[in-house]
Each structure stands twice: as structure tokens, then as C-alpha cells.
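Engineer: For reference, the structure I am asking about is given below.
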Amino acid sequence: MSPAGRASFHGYLDTRIPKDGRIKKSGYCSMRSKRIRKSFKRDATYDWNIYNTLVIKVRGDGRSYLLNISCEGYYDITWNDIYHYVLYTRGGPYWQIAKIPFSKFVLGSKGRLQDKQTRMQLDRVTNFGIACGDRFDGVFNLEIEYVGLEYDPTHDEDFAYEMYKTEKFITKKTMSSVSVQNQ
Amino acid sequence: MANFFRTILRQRPTNLLIKRWETTEKRVIVHDPFDNKPKKNKESYLQVIKIFEGRDQRRRGHVEFIYAALGRMKEFGVHRDLEVYKALIEVLPKGKFIPTNIFQAEFMHYPKQQQCAVDLLEQMENNGVMPDIEMEQMLLNTYGRRGIPLRKYWRMMYWMPKFKNLSPWFLPDKLPDDTLELAKLAIQRITSVDPDTKISIWQTEEIEAALDKTWVVSGQSRLQQLLLAKQPIDEPLVIKGPYNVYLRDQNVTYFTLLGKIRDEEKDNTDWDDVSKIEKPIGIPGFIGKTTLPSIKCTVHEQDDGTVLAICATGSSSRDSLLSWIRLLEKHDNPVLANVPVIFTLIAPATDISLLEKHPTVQDDDNIDRAG
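Here the protein sequences come in this chain order: A and B.
First residue of the first sequence: 790, per my numbering; consecutive thereafter.
First residue of the second sequence: -6, per my numbering; consecutive thereafter.
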């Protein structure tokens, strides 16, 4: 908890790589909500079909954080499907309200952005999380006041990323090799 | 005599058991061309690459060389340089790795080399370097149209431009080295909430009694000046800090001046009284007010206090903050002469001479500073 009484996501990111030959990159911290359940501990999903924007009120330290919405499906290929978006914080003592429409979220699996991008399916949402992994050493501190959903009637974009038709076998669904960028 | 000992010590043991351990003796010294360069910069790095290219016509071991070179880029400071990456791709022989039939194309032809190029592109991406069309041509000539590195290049060129300028607060690609410029950028970023903010850069030499000779970057808007003027005089203002703000990878410490929140205005007017109805706002003839709105709705008023000004100083010491208060007072804030200010620095940065054990120090502005 921060001194102002809000939730505080803080820690120290260290990008030193442990020298065991296997690990190539380090310095990542994330937190995630628990999956909601129906009765008898059955896993359930959120249904956000009536909303189209995510609203978050934060007070950051100038670093960029990743908002992750995880939409696990039934099959194991899609268990690591997470929709990402980068939240840039201003820093300073002023609170910042960021409204991000769901059409801007990018699909990635285990950190790698997929070639075939689709809009997030809002009735399949399982977890929401925030991560910090912007590759700079140092203390990070994000105070969160609230996370909410909103329906913005003026926003009518379906999906922000075009999917060009490419030759067969060139683009792949799970094995993309571009990772999520934080600049 | 010494000669005799030397000949004994020089004899290599021919025992079979010891022979097995002989492989740990390095008979061949590994020559690391990156190590013995006197000046580590782009020129010497490119020189090493040229030496490698000129040495062997067949370019044996080019994959290992590229991996070693990638690991040494940060030392030489060239990890954000596109030309250097292109020079590394030039090392790969052209035309040899292009598949000639359908089976070669399907099963990653020359997998080690393709993986090497993918790792090179991955390092480019991690450092935020965007490739260009020339690199596409080079990759095309090396690996052919169906190669994996070319696919990675296409993906980079699709995603990197989309993510490059996502941040609403513009930061130049190469951050300035000077701490004053960095502090100015940081204060501009923090106070971008209120577009009316005026950023001023002062030197503490303007105040005669200042001990610290440094610069002060301060941000305050006219709204904040008004709020400050309305503060109750007997309640102290608090300087909170040091807080950190990150500008990409640089850290700037800043301090905030916090005041009390304005009391809620009690509106006791009887709405049913029709004897004296005032003219409503919005009808022409009533131009505007220079007083604050009665309900606290400015962005500077928050739950834990009213932010009255922000500053960053060269040395984040208590003395420079005191100079900041005096400078604020000098520039359009006469109220500060009478209001007490509390400093809440947790760890004083440079005050070694003052033996203060408790973190909060109360400095009334009415008292002269003793040395």
C-alpha cells in the first residue's frame, strides 16, 4: 500500500543475466488477477461485451508498463494468449487517467506478437494484469487507484491492426518472432 | 645452476595418466580481437570486422564471430547503430544460403546461419534500432525470399513503426547528457497536466545566503500561484521528496511543494428567497473572473494536498531547496515570506556537515540561516 492509501505496484528491476547459459534476458515483474470462478470452483470468464474501453487511474514514475488481458481458451495452444498494450506513465504527483479501447490491444503469446491478429473476444476474458519489463534497471513504482471498464459510444473502431493477405505458410499463428516492445 | 633447474621444469610429463589432463593446458592462445583495442568506439569495431573479412576467403567461423561481435557491442557503444549491424550482415557470404529446391526451402536451409541472423535482428529490436530497405536487400541476397531472417525483418518492419511513437510525451531519441537539460525535460513532462505551467531555470547565486551553488528548475502555473496566495498563513507547507521520474533510462529526482486543501465552501443561500436574484453567469456583460472556482476542481488539488510547485535542483540537498523557496518568493509569490515550510527529506543527499538525526526539519523562513 502506498502512503496515499492506494495500491502500489513497486519493486526493483534488475537486468543482470544469471550466468547459467540458458537465460538470455532478465528483468521482468508482473502481477495478475485471479480467475473468477463459478460455483464449485469451476473456472469462469468475464463477459465484457457491453464495454469497449479500459480505464485505469494511476500515478506512475515515468516508466512504461504493460497492461495484459489474458484470454485463455479451452485448447492448450491458446492458454498463453495475452492481449497487450503499453501504458506510458507521466511521472510526477499528478494522477493520470488512461482510457484504452479494446480495439488497440495486440495479441501475443508468451511475449511474442502473433502474425494473425484478431480483435479481443470479450466474452472469453480470464485475467487482467500489469507488468513492468522495460529493460532499464532501477526502482519502479506504480500507484493504482482504480481499474474500470467503460462503454465509449463515440469509439467505433473495430480493430486497429490490419492483417494483410500474405502468401501461404509465411505467417504463422503461434511462432512469431517479434517480442513486445517498450520504448 | 639455474639452467639445470629450468631444463628439469621444462620437461613435460609423459605419464599416461597425466596426459589425459593435458587437454586443459592451452597450447593455443585464443586471440580475442575485440579485447586489445585501445579505444573502444565504432571505428575500431568496424576495423575488427574488416580484419575478419580480409583474413580468410572462405570466412570460416563467421557464425561464431557474429555471435561474439553481438555480445561486445555494448562495450564499444555501437548497439544503437544501424551501420554496424549492416556491416555484420555483410560478413555473411551472399548467395550460398539461398535454397534451390522445394525441400531446401521447407526445411530451414543452413539453420545455424539463419538462427544467427535472427539473433542479430532480435538484438536490433531489443535496442530499438529500426532496419531499412538496404538491409532487406542484403537479407534477400543472403537467405532468399523464403528465409526465416527475412520473415523476421518483415515482422519488425510491420510492428516497430506502430510502437515507436506510442508515448504521448515526446522524448528525443538521444537523451541529453547534461543534467540541467534532463531536469528540464522531466519537469516539462510532469507539469504537462496544466498547459499553463511556466518552467523557470534559476541559479541559487541569486540568493545571497545560499551555500549551494547550483541550478534550480522550477515549474509553476498561474493557477498554482493563485492557490498559494490563498493558503492560510499559519499552516505550514510541506516539501516532499525526493521522488524519481524516469525519462527512458535516466532518473531525475524532483521535489513537490504541498499545501493544504481548501475547505469546502458552505453554501447557505436560501434558494426560495426571491427578494435578491443575481444575474446568472453566461449572459454577456460578465466577462470572467480571476478568482478560483469555489468547488475544488483544479487538477492541482488532490487528496493528499494541493501541489503548489515542482522543482528539480542540481544537488538535491536541503540547502538548494531552501534557495528554491526564496527564489519562488522573489518571482511573484510574496506569500512565501510569511508561511512556514517543512522539509521532509528522508535521506539528505549532501548535507554531511549538519548532524541531524531526525528526518523532518522545520525551517521557518523568518529565521536567518546560520551557516
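Each residue gets a CB set at the ideal place from its N, CA and C atoms; glycine is no exception.
What does T249 (chain B) touch in chain A if you count any residue whose Cβ is under 9 Å from its own?
Structural biologist: G881, P882
Engineer: Which two residues bound the contiguous beta strand (DSSP E) that contains I845 (chain A)?
Structural biologist: 842 to 848
Engineer: Report the CB separation of G800 (chain A) from F929 (chain A) in whole angstroms; it is logged as a contact under 8 Å.
Structural biologist: 6 Å
Engineer: Hey, is Y935 (chain A)'s beta-carbon within less than 8 Å of any beta-carbon in chain B?
Structural biologist: Using a CB distance cut-off of 8 Å, Y935 (chain A) does not count as an interface residue toward chain B.
Engineer: How would you write the range of the beta strand (DSSP E) that H873 (chain A) sits in, first residue to last?
Structural biologist: 870 to 877
Engineer: Would you report the Cα separation of L164 (chain B) and E174 (chain B), rounded to the nearest angstrom?
Structural biologist: 12 Å
Engineer: Under 7 Å Cβ-Cβ, which residues of chain B neighbour V844 (chain A)?
Structural biologist: From the beta-carbon of V844 (chain A), no residue of chain B is found nearer than 7 Å; the closest lies around 16 Å away.
Engineer: Closest Cβ-Cβ distance between W162 (chain B) and chain A: below 8 Å?
Structural biologist: Closer than 8 Å to some Cβ of chain A, the Cβ of W162 (chain B) qualifies, so yes.
Engineer: Mind listing, in chain order, the continuous alpha helix (DSSP H) runs of no fewer than 4 residues lying wholly within the segment 891 to 920 of chain A?
Structural biologist: none
Engineer: Rounded to whole angstroms, what is the Cα-Cα separation between R148 (chain B) and I183 (chain B)?
Structural biologist: 34 Å
Engineer: Mind listing the chain A neighbours of I183 (chain B)? Cutoff is C-beta to C-beta under 8 Å, in chain order.
Structural biologist: R879, G880, G881, P882, Y883
Engineer: Please return the same chain residues whose Cβ sits closer than 7 Å to the Cβ of N326 (chain B), not counting the five positions on each side in sequence.
Structural biologist: Q218, L221
Engineer: Which residue from A:K814, A:V847, A:R811 puts its Cα closest to that of V936 (chain A)?
Structural biologist: Of the candidates A:K814, A:V847, A:R811, the one whose C-alpha sits nearest the C-alpha of V936 (chain A) is A:V847.
Engineer: With 16 as the cutoff for other CB atoms within 10 Å, does N857 (chain A) come out buried or exposed?
Structural biologist: Counting of Cβ neighbours within 10 angstroms places N857 (chain A) among the buried residues, the total reaching 16 or more.
Engineer: Are I82 (chain B) and L39 (chain B) close, meaning C-beta to C-beta below 8 Å?
Structural biologist: no
Engineer: Relative to the C-alpha of P169 (chain B), which residue among B:H324, B:I318, B:I141, B:R241 is closest?
Structural biologist: B:R241
Engineer: Would you say L855 (chain A) faces chain B, with C-beta separation under 8 Å as the test?
Structural biologist: Nearest CB-CB separation between L855 (chain A) and chain B: not below the 8 Å threshold.
Engineer: State buried or exposed for D190 (chain B), treating a residue as buried only when at least 16 other CB atoms are found within 10 Å of its CB.
Structural biologist: Per the sequence presented here, residue 190 (chain B) reads as Thr, with Asp not at that position. Buried, since its Cβ has 16 or more Cβ neighbours within 10 Å.
Engineer: Spell out a yes or no on whether the segment 912 to 919 of chain A and the segment 851 to 871 of chain A are touching, meaning 3 or more CB-CB pairs, one atom from each, closer than 8 Å.
Structural biologist: yes
Engineer: For Q295 (chain B), which residues in chain A fall below 8 Å Cβ to Cβ?
Structural biologist: P882, Y883, W884
Engineer: Could you work out which residues of chain B lie near V785 (chain A), taking near to mean beta carbons separated by less than 8 Å?
Structural biologist: With chain A covering only 790 through 972, there is no way to say anything about residue 785 (chain A).
Engineer: Do we get a CB-CB distance below 8 Å when we pair L896 (chain A) with the residues of chain B?
Structural biologist: So, not an interface residue.
Engineer: Using a Cβ-Cβ cut-off of 8 Å, state whether W152 (chain B) counts as contacting chain A.
Structural biologist: yes
Engineer: Around the C-beta of E932 (chain A), are 16 or more other C-beta atoms found within 10 angstroms, so that it is buried, or is it exposed?
Structural biologist: buried
Engineer: Would a check of beta-carbon distances place V231 (chain B) closer than 8 Å to chain A?
Structural biologist: no
Engineer: List the residues of chain A that L178 (chain B) touches, going by C-beta distances under 7 Å, in chain order.
Structural biologist: Correct list: empty, because the minimum Cβ distance to chain A is about 10 Å.
Engineer: Going straight from the alpha carbon of F948 (chain A) to that of R821 (chain A), what length do you get?
Structural biologist: 25 Å
Engineer: Alpha carbon to alpha carbon, how far is N34 (chain B) from M123 (chain B)?
Structural biologist: 21 Å
Engineer: Is the Cβ-Cβ distance between S90 (chain B) and Y103 (chain B) less than 8 Å?
Structural biologist: According to the sequence displayed, residue 90 (chain B) carries Phe and not Ser. Cβ atoms of F90 (chain B) and Y103 (chain B): closer than 8 Å.
Engineer: Below 8 Å between beta carbons: does that hold for Y817 (chain A) and G922 (chain A)?
Structural biologist: yes
Engineer: Tell me whether Q885 (chain A) sits in a helix, a strand or coil according to DSSP, three-state version.
Structural biologist: strand
Engineer: Output the distance between the C-alpha atoms of T337 (chain B) and R879 (chain A), rounded to the nearest integer angstrom.
Structural biologist: Rounded to the nearest whole angstrom, the C-alpha separation of T337 (chain B) and R879 (chain A) is 23 Å.
Engineer: Any C-beta of chain A sitting closer than 8 Å to the C-beta of N244 (chain B)?
Structural biologist: So, interface residue.
Engineer: Let me check understanding here. Comparing Cα to Cα, which of A:R824, A:E946, A:K823 lies closest to K893 (chain A)?
Structural biologist: The shortest C-alpha separation from K893 (chain A) is found at A:E946.
Engineer: Of all the options B:G298, B:K145, B:D297, B:S185, which has the alpha carbon lying nearest to the alpha carbon of Q903 (chain A)?
Structural biologist: B:K145
Engineer: In chain B, which residues lie less than 9 Å from D870 (chain A) when you measure between Cβ atoms?
Structural biologist: In chain order: nothing, as chain B lies at least about 17 Å away.
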